[in-house]
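>
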Amino acid sequence: MEETIPDLVIDLKYAGQDNFVGYPLPGYQQARAMLTRDAALALRSVQDQLRPLGLGLKIFDAYRPQRTVDFFLEWAKDSRDNSRKAEFYPALDKPQLLAEGYLNSPSGHSRGSTVDLTLIRRSDDSELDMGTPFDFFGPASWTNFSNLSETQRSNRAFLQKIMNGWNFSGVKEEWWHFTLKNEPYPDRYFDFLTGS
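Counting in the working numbering, the sequence shown runs from 5 upward without gaps.
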């Protein structure tokens with residue numbers, strides 16, 4: 005994606021330690037965001053529309069290898085590792101992350117046309133306030149959660165509107181999650197390493 009959208013801000017959470025498990029995940033060989041060409045071109049159109057407004061996109065995750073998805077399922081079964089619970093899933097136990105659909109397999113990310121992102125101010129790359137951080141597991145992250153400030157609701161609505169306008173659809177449980185409609189590989193789940 006860096007070649008297609010050079011001014012994109014990328015912070016791949018699963019390639020580092022700032023994520024709900026607390027360490028880099030299997031499959032993230034490099035901190036390189038990857039999408040299908042169709043999805044990357046549509047995302048470039050979003051960035052082009054945001055640029056004159058002084059805004060831009062920040063990417064948290066894009067293509068995700070199937071081995072990472074498999075790892076999430078195994079991690080959720082291990083009740084001993086709860087080091088990031090307070091920050092990412094304070095009201096849930098790990099088995100509930102599976103039962104309530106926060107973690108599932110297969111994942112649309114492994115098809116290469118799904119992206120997790122937010123809006124930033126281009127002047128300082130600061131994120132617009134969406135009410136929760138990326139990957140917070142709970143109702144506060146639901147796209148239409150009502151107990152938000154007016155600014156947070158407005159920011160979420162704007163993100164949804166601009167992404168929908170360029171052929172991406174969101175999901176109700178995660179304000180940051182978007183999949184290209186008419187994605188080129190709707191039934192294929194890839195497992196190559198990021199950066200391959």
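Where a beta carbon is used, it is the ideal one built from N, C-alpha and C, also for glycine. What you are looking at is a predicted structure, and each value in this text was computed from that prediction instead of being measured.
1) Give the secondary structure of D52 by DSSP, where H, G and I count as helix, E and B as strand, and everything else as coil.
2) Which one of N186, Q34, E6 has the shortest CA to CA distance from P69?
3) Quick one: what's got a C-beta closer than 6 Å to L54's C-beta in the same chain, skipping five residues either side?
4) Output yes or no for whether 8 Å exceeds the beta carbon distance between Y67 and L39.
5) Can you tell which of D65, K185, L12, L152 has the C-alpha that lies nearest to the C-alpha of L29?
6) Over the uninterrupted beta strand (DSSP E) stretch that includes E178, give me the two end residues.
7) Give the range of the beta strand (DSSP E) segment to which K62 is assigned.
8) What's the call for A161, buried or exposed, on a 16-neighbour Cβ count within 10 Å?
9) Have a look at T198 and Q156 and give me their C-alpha separation to the nearest angstrom.
10) Here's a check: name, in chain order, each residue in its chain whose Cβ is nearer than 7 Å to the Cβ of S130, leaving out the five neighbours to either side.
11) F194 and G116: beta carbons closer than 8 Å?
12) Could you pull out every unbroken beta strand (DSSP E) segment of at least 3 residues lying fully inside the region 97 to 158, listed in chain order?
13) In angstroms, rounded to a whole number, what distance separates the CA positions of V175 and A144?
14) Using DSSP with H/G/I as helix, E/B as strand and the rest coil, what is V73?
15) What is the C-beta distance between F196 and T183, in whole angstroms, given that I count them as a contact (C-beta under 8 Å)?
16) For K98, count neighbouring C-beta atoms within 10 Å of its own C-beta (all shown protein chains included) and say buried if the count is 16 or more, exposed if not.
17) Which stretch, first to last residue, makes up the beta strand (DSSP E) that contains F92?
18) Expressed to the nearest angstrom, what Euclidean distance is found between the alpha-carbon atoms of D22 and P10?
Short version:
1) Start at 1 with the first residue of the sequence shown, and residue 52 comes out as number 48. DSSP places D52 in helix when its eight states are reduced to three.
2) If you number the sequence shown from 1, residue 69 lands on position 65. Nearest option by C-alpha distance: Q34.
3) Translated into the one-based positions of the sequence shown, residue 54 becomes position 50. Cβ neighbours of L54 beyond the five flanking positions: G60.
4) As a position in the sequence shown, residue 67 is number 63, starting the count at 1. As a position in the sequence shown, residue 39 is number 35, starting the count at 1. Yes; because the gap between Cβ atoms is below 8 Å, this pair is in contact.
5) As a working note, residue 29 is residue 25 in the sequence shown. Among D65, K185, L12, L152, the Cα nearest to that of L29 belongs to D65.
6) Locating residue 178 in the sequence shown gives position 174, counting from the first residue. Here the beta strand (DSSP E) through E178 covers 178 to 184.
7) Along the sequence shown, read from residue 1 onward, the residue named residue 62 stands at position 58. Run containing K62: 59 to 65, per the beta strand (DSSP E) assignment.
8) As a first step, residue 161 must be located in the sequence shown, where it is residue number 157. The residue in question, A161, is exposed, as its Cβ has fewer than 16 Cβ neighbours within 10 Å.
9) Reading the sequence shown from its first residue, position 194 is the one you call residue 198. Reading the sequence shown from its first residue, position 152 is the one you call residue 156. Whole-angstrom Cα-Cα distance: 32 Å.
10) Counting from 1 along the sequence shown, the entry for residue 130 is found at position 126. Excluding sequence neighbours, S130 sits near I124.
11) Residue numbering aside, residue 194 sits at position 190 when the sequence shown is read from its first letter. Residue numbering aside, residue 116 sits at position 112 when the sequence shown is read from its first letter. Yes, Cβ-Cβ distance for F194 and G116 is below 8 Å.
12) 118 to 125
13) Along the sequence shown, one-based indexing puts residue 175 at 171. Along the sequence shown, one-based indexing puts residue 144 at 140. Cα-Cα distance, rounded: 14 Å.
14) As a first step, residue 73 must be located in the sequence shown, where it is residue number 69. Three-state result, V73: helix.
15) As a position in the sequence shown, residue 196 is number 192, starting the count at 1. As a position in the sequence shown, residue 183 is number 179, starting the count at 1. Contact doesn't hold; Cβ gap of about 19 Å is too wide.
16) Here residue 98 refers to the residue found at position 94 of the sequence shown. By the neighbour-count rule (16 or more Cβ atoms within 10 Å), K98 is buried.
17) Sequence index remark: in the sequence shown, residue 92 carries index 88 (1-based). Taken as a continuous stretch (DSSP letters only), F92 belongs to no beta strand (DSSP E), being part of the alpha helix (DSSP H) at 89 to 92.
18) On the sequence shown, residue 22 is found 18 positions in, with the first residue counted as 1. On the sequence shown, residue 10 is found 6 positions in, with the first residue counted as 1. Near 24 Å, if we compare the C-alpha coordinates of P10 and D22.
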